[in-house]
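For reference, the structure is listed below as structure tokens.
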Amino acid sequence: MKIRNGTMWLALLAAGATQVFAQQTPLQQTPPAPMPSPPDVKIETVNLAPGIYMLIGRGGNIGVTVGKDGAAIIDDQFADMVPKIRAAVALLSETPVEFVINTHLHGDHTGGNDAFGAAGAVIIAHDNVRKRLGSDQVNPSTNQPIPARAREALPVVTFADSASLHFNDETLEFTHLPNAHTETDIVVRFKKANIVHMGDLFVGGFPFIDGNTGGTFDGLIKAHATVLASIDDNTRVIRGHGPLGNKAELQAFHDMLVVIRDRVAKLVKAGKTQEQVLEARPTKEFEEKYGGTNFNAAQWIGRAYVDQKRALEMRRKK
Ligand SMILES: [Zn+2]
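Add 580 to the 1-based position in the sequence shown for the working numbering, that's all there is to it.
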């Protein structure tokens, strides 16, 4: 790839990036051998605007911008998807991926970082993505330890609150939304094209809220309110998982979470046990729409219970 000069770093710093880490020197490193892509997964490319696409494969949906400055992607699924992601981008752009933006830390959105980083792409993310990927973590579903990621998988440009990338005659605005799906989430906005990529702040079914990495119901609900206030009825909304969405769908998703959160909060405040909260089935009328085939009520409501118990304890401490 062509290495861009220092003005890009300065632009990012001026735009609010708080830290720029020395970029790895790809020519001196042997990139890991490419992993084969699973044969049965096809990447579907959806055109959203001139030069802007959504790639659907395995893992989080990818946003793409291509044009005279080159190619940038938002999220990169799993390591074994990288050959397919590269092939899909190659159909749109003559140059390889120059920037990778991570919406948050989870492995189904950052699994391709190693390969793209080793090939010289500049990875951009919230400060906490670098902090967490750079240290040992715990798998939220299995509680198994996840070792720190390799150096080339770590974001080299990070920021605390917001930053912008001026690329392909578009302004990509990155805004951190604290303690929502995790403590590492950003929303990415294509200002001119009126498109937002929400990562896992917005998904097709009941959202996973990762309490182990700082995610909270209250933060997620607040994050939705922030995004809803900044978009309109024509905004295309890319979900972390699931089909392309819009403002009305995000509003409905937000309202559903408010109803469930309020029900659980009320039961927790009344001193109900986790079993009693599960019995009350606070998700009932939403299960058909958001439950999907993998919905495990005991697990999901259990997480909501733990979350709201913690929120109540924190309010009492204040
Ligand atoms: Zn996630």
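Each residue gets a CB set at the ideal place from its N, CA and C atoms; glycine is no exception.
Just so you know, these numbers come straight off a predicted model, no measurement behind them.
Listed in chain order, the non-local C-beta contacts of V646 below 6 Å within the same chain comprise G631, L672 and S673, local neighbours out to five positions each way being set aside. Excluding its 5 nearest sequence neighbours in each direction, G799 has C-beta neighbours in its own chain below 8 Å: L757, P758, N759 and A760, listed in chain order. L671 sits in coil when the DSSP states are folded into three classes, being neither helix nor strand. Leaving aside the five residues that flank R861 on each side, none in its chain has a CB nearer than 6 Å to its CB. DSSP links A629 through a beta bridge to I632. Ordered by chain, the residues meeting the criterion of a beta-carbon within less than 5 Å of a non-hydrogen atom of ligand 1 are H686 and D780.
With 16 or more other CB atoms across the displayed protein chains lying within 10 angstroms of its CB, S617 is buried.
In this model, K898 and F679 are separated by some 42 Å (Cα to Cα). Secondary structure at G650: strand, using DSSP grouped into helix, strand and coil. Shortest Cα-Cα distance from K711 to any of A728, A699, A698 and S721 involves A728. The beta carbon of M778 sits closer than 7 Å to the beta carbons of V767, V807, V817, I818, R819 and G820 from its chain, once the five residues preceding and following it are set aside; these are given in chain order.
Around H706, the same chain offers H756, T764 and I766 as residues with beta carbons nearer than 6 Å, after the five sequence neighbours per side are excluded. Under DSSP, S742 takes part in a beta bridge, and its partners are T755. When the five nearest sequence neighbours on each side are left out, the beta carbons in the same chain lying within less than 6 Å of the beta carbon of A695 are those of V662, in order along the chain. The beta-carbon separation of G639 and H684, rounded to 12 Å, does not stay under the 8 Å limit for a contact. In the three-state scheme derived from DSSP, where H, G and I count as helix and E and B as strand, T683 is classed as coil. Taking the C-beta atoms as reference points, G825 is found no nearer than 7 Å to V783.
CA-to-CA, the gap between E868 and F875 works out to about 10 Å. For F770, the enclosing beta strand (DSSP E) has its first and last residue at I766 to F770. Nearest in C-alpha terms to Q879, of all of L635, V857 and G794, is V857. Straight across, the Cα-Cα distance linking K622 with I665 is about 10 Å.
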